Amino acid sequence: MEKRLMDISEQAYRTAFDGKLPILRSRLYVTLGCNLNCPYCYVEAREPLPNELSFNELRSVIDYLGEEGLVYLTITGGEPMLRSKETIQLAKYASSKGMITRINTNGTLVTDDIAKCLSEIPGLHVNVSLDGPNKDVHEKIRGEGTFTKVIQAIKTLRRSNIRVAIASMGSKENIRLIKDMVNLAIDLNVQELRFPVLIPLGRCKFEEWLFPSVREYLTAGKVISQVALEVKSKLTVTMDLPPALLEKDLLDEPHYEVLKYSCLVGLTRLDIYPDGSIFPCDGLRHLKVGNIRSIRGGKLGTLWENSEALRIVRECYENLKGVCKKCVYKFTCKGHCRSFAYFVYGDLSAPNPICQKLFERGLFPRECLVEA
20 MEKRLMDISE QAYRTAFDGK LPILRSRLYV TLGCNLNCPY CYVEAREPLP
70 NELSFNELRS VIDYLGEEGL VYLTITGGEP MLRSKETIQL AKYASSKGMI
120 TRINTNGTLV TDDIAKCLSE IPGLHVNVSL DGPNKDVHEK IRGEGTFTKV
170 IQAIKTLRRS NIRVAIASMG SKENIRLIKD MVNLAIDLNV QELRFPVLIP
220 LGRCKFEEWL FPSVREYLTA GKVISQVALE VKSKLTVTMD LPPALLEKDL
270 LDEPHYEVLK YSCLVGLTRL DIYPDGSIFP CDGLRHLKVG NIRSIRGGKL
320 GTLWENSEAL RIVRECYENL KGVCKKCVYK FTCKGHCRSF AYFVYGDLSA
370 PNPICQKLFE RGLFPRECLV EA
């Protein structure tokens with residue numbers, strides 16, 4: 020299996036793109052203001068930063084990213100609907116430049132008028148956070164009075180024919196309720212159901228009660244693999260786990276083959292914070308690349324190519340440690356989320372914490388280990 024998987028490396032990308040390293044994916048944070056106070060928030064969103072980018076500056080960011088070949092743009096926060104007019108205009112502008120555009124929202128501020136405006140943006144995807152299949156589970160994390168608002172927001176968006184993905188953070192509270200979440204997502208007629216994995220970053224690093232055990236992650240990978248195939252004609256279901264924890268039958272499906280790959284931060288991804296700060300990703304904010312305000316007529320690509328912070332990230336993929344260097348998916352997964360490894364082990368080249376702990380306990384799938 021190892022030989023059949025493409026080696027996704029910096030050199031491979033440069034070869035494919037005539038020596039260049041394009042920025043294919045970016046998250047644009049339009050504000051750190053948020054009307055909720057979720058315990059797992061990586062960016063500790065609550066109050067806006069005092070010097071957040073203006074609309075014109077945010078639009079310039081999209082121009083800079085477009086010059087570097089951007090394909091996927093996610094507009095996020097905080098809660099971007101606190102700047103709803105600007106968020107809608109930015110999404111419309113990005114879409115007009117051919118970018119595949121998503122907006123992340125907690126759903127509590129979505130109105131009929133907002134949905135109508137969003138429906139006029141070609142190809143827009145809206146990710147709505149829903150952390151449980153019922154009020155008790157969701158509101159334990161998101162706060163009292165939010166469940167009904169989120170359900171209503173999803174229905175409002177779907178009535179406007181907007182493509183919706185439910186984002187349900189994979190916590191100890193809902194990881195055993197995957198099938199219930201799938202049934203609810205189908206009932207709500209959404210297109211996708213995603214389960215991101217918690218990382219001990221921001222407020223989340225103080226909330227150990229939220230984290231599933233590694234055995235629960237292992238079980239969840241099997242459940243996701245089974246259910247995703249069962250409902251594939253109705254709904255796309257994913258969990259942001261390393262591919263070794265998902266079933267081969269799922270990974271061999273053309274629609275799900277992308278799950279073999281990591282986000283490739285530093286090779287294809289760059290994130291922009293509300294104050295213009297540029298980071299490899301939201302999980303590696305200790306590695307600052309620069310500030311978008313310093314470009315002013317220059318090229319974002321110059322920072323992208325020459326940043327010392329990005330060089331450090333790019334080199335980590337070539338020196339993976341622990342179970343990751345023994346895994347058949349090492350060429351595509353690349354250790355999966357590098358920020359997760361860093362905040363658990365203090366090393367960008369460290370193994371994925373879930374996989375490593377499973378390996379140490381003899382629970383890592385043997386079929387995913389390279390034979391000695």
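Heads up: the sequence shown begins at 20 in this note's numbering, then just goes up one per residue.
The beta-carbon is built from N, C-alpha and C at its ideal position, and this holds for glycine as well.
Small disclaimer: the values here were computed from a predicted structure and weren't measured.
Same chain, Cβ closer than 6 Å to residue i, neighbours up to 5 away in sequence not counted
| i | result |
| --- | --- |
| Leu303 | Ser358 |
| Phe362 | Pro219 and Leu220 |
| Leu149 | Val169, Ile185 and Ser187 |
| Ser326 | Val308 |
| Tyr236 | Ile373 |
| Ser281 | Cys352, Lys353 and His355 |
| Phe378 | Val342 |
Residue i, DSSP secondary structure in three states
| i | result |
| --- | --- |
| His274 | helix |
| Ser252 | coil |
| Val342 | helix |
| Val284 | strand |
| Thr34 | helix |
| Met100 | helix |
| Arg315 | coil |
| Arg234 | helix |
| Ile331 | helix |
| Asn310 | strand |
| Asp294 | coil |
| Gly13 | Absent from the model: residue 13. The displayed extent of the chain is 20 to 391, so no value can be given. |
| Leu72 | coil |
| Leu109 | helix |
| Leu322 | helix |
| Leu24 | Low confidence applies to Leu24: its pLDDT is 45, below 50, so where it sits in the model is not reliable, and the reading given next is rough at best. Correct three-state label for Leu24: coil. |
| Ala204 | helix |
| Asp10 | Nothing can be reported for residue 10: it is not among the residues displayed for the chain, which extend from 20 to 391. |
| Tyr364 | helix |
| Ser179 | coil |
| Thr165 | coil |
C-alpha distance - residue i paired with residue j, whole-angstrom precision
| i | j | result |
| --- | --- | --- |
| Asp132 | Leu143 | 16 Å |
| Leu203 | Leu40 | 41 Å |
| Thr167 | Phe36 | 47 Å |
| Leu229 | Val169 | 21 Å |
| Gln171 | Ile311 | 37 Å |
| Glu86 | Val80 | 10 Å |
| Gly365 | Val201 | 35 Å |
| Asn146 | Glu337 | 33 Å |
| Asn54 | Val389 | 48 Å |
| Glu334 | Lys174 | 45 Å |
| Ser368 | Lys340 | 6 Å |
| Thr106 | Arg161 | 22 Å |
| Leu72 | Pro141 | 25 Å |
| Phe383 | Asp294 | 41 Å |
| Pro58 | Glu226 | 7 Å |
| Leu319 | Val284 | 16 Å |
| Pro261 | Glu211 | 19 Å |
| Glu386 | Asn371 | 17 Å |
| Cys223 | Lys159 | 15 Å |
| Arg234 | Gln108 | 44 Å |
| Arg213 | Asn56 | 21 Å |
| Thr124 | Arg102 | 11 Å |
| Ile122 | Lys344 | 35 Å |
| Thr321 | Ala328 | 13 Å |
| Gln375 | Gly189 | 19 Å |
| Asp206 | Leu254 | 10 Å |
| Leu77 | Leu43 | 18 Å |
| Leu264 | Val250 | 19 Å |
Cβ neighbour criterion (16 or more within 10 Å) applied to residue i
| i | result |
| --- | --- |
| Trp323 | buried |
| His459 | Look at the range of the chain in this structure, 20 to 391, and you will see that residue 459 is not part of it. |
| Val256 | buried |
| His355 | buried |
| Ala31 | exposed |
| Arg288 | buried |
| Lys349 | buried |
| Arg178 | exposed |
| Asn70 | exposed |
| Lys279 | buried |
Beta-bridge partners of residue i, as assigned by DSSP
| i | result |
| --- | --- |
| Asn146 | Asn123 and Ala184 |
| Thr93 | Arg46 and Arg121 |
| Phe214 | Met258 |
| Gly189 | Val216 |
| Gly52 | Arg65 |
| Leu388 | Cys346 |
| Leu289 | Ser45 |
Residues near residue i in its chain [Cβ-Cβ closer than 8 Å; skip 5 each side]
| i | result |
| --- | --- |
| Leu196 | Gly151, Pro152 and Val156 |
| Tyr48 | Val62, Thr95, Gly96, Gly97, Asp290, Ile291, Tyr292, Pro293 and Asp301 |
| Ile119 | Val90, Tyr91, Leu92, Gly142 and His144 |
| Glu266 | Gly240, Lys241, Ser244 and Gln245 |
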